[in-house]
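> If you want the working numbering, it's the 1-based position in the sequence shown plus 157.
All residues carry an ideal CB built from backbone N, CA and C; glycine is no exception.
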Amino acid sequence: MARTSVDDDVTAPHEDEQALLKKTSARVEDTSYVGGVPNLWHPSHIGLMITYAGVGVLHGAFPRTVYPFFRNYLNMDGYQVAACTSIIDMAWSFKVFFGLVSDSVPVWGYRRRPYVLLGWVISLAFMLHIATTPAEAPYYTKGQILSVPNVQLRHVDNPHAPADGTKYILLLMGASMGYVMADVACDAAMVELAQTEREDVRGHTQSWSYIIKFVHYRLD
158 MARTSVDDDV
168 TAPHEDEQAL
178 LKKTSARVED
188 TSYVGGVPNL
198 WHPSHIGLMI
208 TYAGVGVLHG
218 AFPRTVYPFF
228 RNYLNMDGYQ
238 VAACTSIIDM
248 AWSFKVFFGL
258 VSDSVPVWGY
268 RRRPYVLLGW
278 VISLAFMLHI
288 ATTPAEAPYY
298 TKGQILSVPN
308 VQLRHVDNPH
318 APADGTKYIL
328 LLMGASMGYV
338 MADVACDAAM
348 VELAQTERED
358 VRGHTQSWSY
368 IIKFVHYRLD
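1) Nearest chain B C-beta to M347 closer than 9 Å, yes or no?
2) Quick one: is Y255 buried, meaning 16 or more other Cβ sit within 10 Å of its Cβ, or exposed?
3) Applying the 10 Å Cβ sphere with the 16-neighbour rule, what's the burial state of Y367?
4) Can you give the Cα-Cα distance for Q309 and Y230, rounded to whole angstroms?
5) Considering only C-alpha positions, which residue in the set Y374, V337, Y209, E356 is nearest to D246?
6) DSSP three-state call for Y297: helix, strand or coil?
7) With respect to the alpha helix (DSSP H) encompassing P271, which residues constitute its N-terminal and C-terminal limits?
8) When you compare each of V212, Y190, H202 to R375 by their alpha carbons, which one comes out closest?
9) Going by DSSP, what residue range makes up the alpha helix (DSSP H) through G360?
10) When DSSP labels each residue in this structure, what does R184 get in the three-state scheme?
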């Protein structure tokens, strides 16, 4: 019996080494890796880059719509416009929650992919609703802001316009919740992918993710 237990102790590490060698060999043959570094433009990884590009665009575009639309178009008060930005960005406060859910509640055996897809579906649904909903009439008559510098002399066309801002704030917040969910799941997948990099180049993958997100954020 003692001999059997010793043999088990010896063969277990050997089997682990064989499994590691097979895994390493498969990774070398895998075209999604180049020189031990994940090829982020490979079809199996390109979705991560597309997600980061989309997050960068929306994260830059949503706050930039606040002043021209809520302040100029709907003529909401300054404190209301400031609150709009905070409410829209509130979605980022749920990052920890989304991370815990994607870690703890796999969907159909996947912990990242379904949440990336669900996040974009939610965001797209809210944005489609915004795009297809007839816009409210502006507070001032068209052209008054540019042609009449004196606020007191401008002709008011829709005095109820500021009250309609709440609807758009909630829609933008819902769209933000969606893309933040996708971003969190994508970040988790990127961390797992980065752990497969060689030690001497570790960080390359995550650096690219931040570059893609920042570049598309600045493009808006």
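The structure says:
1) Note that chain B does not occur in the displayed structure, where there is just one protein chain.
2) Per the sequence shown, residue 255 should be read as Phe rather than Tyr. With 16 or more Cβ atoms within 10 Å of its Cβ, F255 is classed as buried.
3) It counts as exposed.
4) C-alpha separation (whole angstroms): 16 Å.
5) The candidate whose alpha carbon is nearest that of D246 is V337.
6) Of the three classes helix, strand and coil, the one that applies to Y297 here is strand, per DSSP.
7) Here the alpha helix (DSSP H) through P271 covers 270-289.
8) Nearest Cα to R375 within the set V212, Y190, H202: V212.
9) Membership of G360 in any alpha helix (DSSP H) is not indicated, and neither H nor E is assigned to it by DSSP.
10) Low local confidence applies: a pLDDT of 47 at R184 is under 50, so the model's placement there is unreliable, with the coordinate-based value given in what follows. Three-state result, R184: helix.
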